[in-house]
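Have a look at the structure below, then the notes.
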Amino acid sequence: MFGSKSHKISIDHDLYERLEKAAQVAGYSSTEEFVIHILETTAPAGSAADSEEEVRKRLQGLGYLE
Amino acid sequence: MSSDFITVVSGLPRSGTSLMMQMLHAGGLSAVADGQRAADVDNPRGYFEVEAIKKLKEDSSWLADAKGKVVKAISMLLFDLPPQHSYRVVFMLRHMDEILASQKEMLKRRGTLKEGGPTDEQMKQYFDTHLTKVKAWLAAQPNFKVLYCPYNEVLQKPAEYVRQIADFLGGELNQTAMMEAVDLSLYRNRNKAAQTA
């Protein structure tokens, strides 16, 4: 699931409890699985964000954006 | 020209948006422009732009006076147009290689071409992704109607496109004058080619 490298992130206890409950209700096998699913679906894909940023830089260079 | 919609000329920079602005202006449509960006070697007949378009997120109140007129907004700025107005967008398309070559010349002249930036191939991909996103977004907006105009074909078959554009915008435009604007552009391009040959 984590590929060759994994990282730990600290989560506030109250937030973790909320996530734990939500994971149970949604039928996930673990809180970790639920959190990873949320992060995967909400984090922007690197290439898409880079692409948009490069277009923006180009348009700024041409004087069409501030 | 009185109408309840705002005409917008859009597309990527160097896709023929200024030519389309000249055509519509010649055809009788008032252009919303402030003249701040003066004509230069990249656009010898002027840009037909308004600086306020870059700050639409902060203030779009001026657009209320743009009904029945034409305003130029590059593709990325379409997302910022306020939803309370109706828009008819003439969206310019052009071969990506030509767009990139022309943009590069402009960047060099402006002194903003950066070393180590994306390659043409990467930039092509970025712009393709951007255009796909813009087209999908436009298709989902109930207050937008869009006419896609391929720049090279407009130059090759101006009569056909002038008719289409006039129909799209309500048919009150002076089509002969619009054709003359294309002819002037072709004349300039031929002169430029002769000088560099």
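Those sequence lines, one after another, are chains A and B. Numbering follows the numbering used here, with no gaps: position 57 of the first sequence is 57. Numbering follows the numbering used here, with no gaps: position 27 of the second sequence is 1027. Just so you know, even glycine gets a beta-carbon here, dropped at the ideal spot from N, CA and C.
With DSSP run on the structure shown, which of helix, strand or coil describes Ser1061 of chain B?
In the structure shown, Ser1061 of chain B sits in a helix (DSSP, three-state: H, G or I).
Name, please, each residue of chain A whose Cβ falls closer than 9 Å to the Cβ of Met1021 of chain B.
The contacting residues do not exist; Met1021 of chain B stays about 14 Å from chain A at best.
Compute the minimum distance between the beta carbon of Val1182 of chain B and the heavy atoms of the ligand ADP, and state whether it is under 7 Å.
With respect to the ligand ADP, the structure shown offers nothing to examine, as it has no ligands at all.
Grouping DSSP H, G and I as helix and E and B as strand, with all else coil, what is Tyr64 of chain A?
DSSP places Tyr64 of chain A in coil when its eight states are reduced to three.
Taking the C-alpha atoms as reference points, what is the distance between Asp1034 of chain B and Leu1019 of chain B?
Using only the alpha carbons, I get a separation of about 17 Å.
Locate the alpha helix (DSSP H) running through Lys1108 of chain B, then write down its first and last residues.
Its alpha helix (DSSP H) spans residues 1096-1110.
Starting from Leu1078 of chain B and walking both ways along the beta strand (DSSP E), at which residues does that stretch end?
Segment: none, Leu1078 of chain B is in no beta strand (DSSP E) and carries neither H nor E.
Could you name the residues of the segment 1131-1156 of chain B whose beta carbon sits closer than 9 Å to any beta carbon of chain A, in the order they occur along the chain?
Residues Lys1133.
Quick one: residues in its chain with C-beta nearer than 6 Å to the C-beta of Arg1037 of chain B, no 5 flanking neighbours on either side, listed in chain order?
So the qualifying residues of the chain are Tyr1047, Glu1049.
Output the distance between the C-alpha atoms of Met1076 of chain B and Leu1138 of chain B, rounded to the nearest integer angstrom.
Answer to the nearest angstrom: the Cα atoms are 11 Å apart.
Short of 8 Å in beta carbon distance, which residues of its chain neighbour Phe34 of chain A, apart from the five on each side in sequence? Order them along the chain.
So the qualifying residues of the chain are Leu19, Ala22, Ala23, Ala26, Tyr28.
For Arg56 of chain A and Gln1164 of chain B, I'd like the C-alpha separation in whole angstroms.
If I take the Cα positions, the gap works out to 31 Å.
Could you say if the segment 1079-1094 of chain B and the segment 1136-1154 of chain B meet the contact criterion of at least three C-beta pairs nearer than 8 Å?
Yes, they touch.
Assign Gly1171 of chain B to buried or exposed, taking buried as 16 or more other Cβ atoms, counted over all protein chains shown, within 10 Å of its Cβ.
With fewer than 16 other Cβ atoms within 10 Å, it is exposed.
Just by C-beta distance, which residues in the segment 1090-1118 of chain B are closer than 9 Å to chain A?
The residues in question are Gln1103, Met1106, Leu1107, Arg1110, Thr1112, Leu1113, Lys1114, Gly1117, Pro1118.
Among the residues of its own chain, which have a CB less than 6 Å from the CB of Val1162 of chain B, if the five just before and after it don't count?
Excluding sequence neighbours, Val1162 of chain B sits near Gln1175, Met1178, Met1179.
On a CA-only basis, which of B:Asp1183, B:Tyr1126, B:Gly1027, B:Leu1131 is nearest Asp67 of chain A? Give me that one, please.
The structure shown has nothing for residue 67 of chain A, since chain A only spans 1 to 66.
Whole angstroms are fine: how far does the CA of Ala1066 of chain B sit from the CA of Met1096 of chain B?
Each residue's Cα considered, the two are about 30 Å apart.
Given that a residue counts as buried once 16 or more other Cβ atoms are within 10 Å of its Cβ, and exposed if not, what is Tyr1148 of chain B?
Counting Cβ neighbours within 10 Å, Tyr1148 of chain B comes out exposed, since fewer than 16 surround it.
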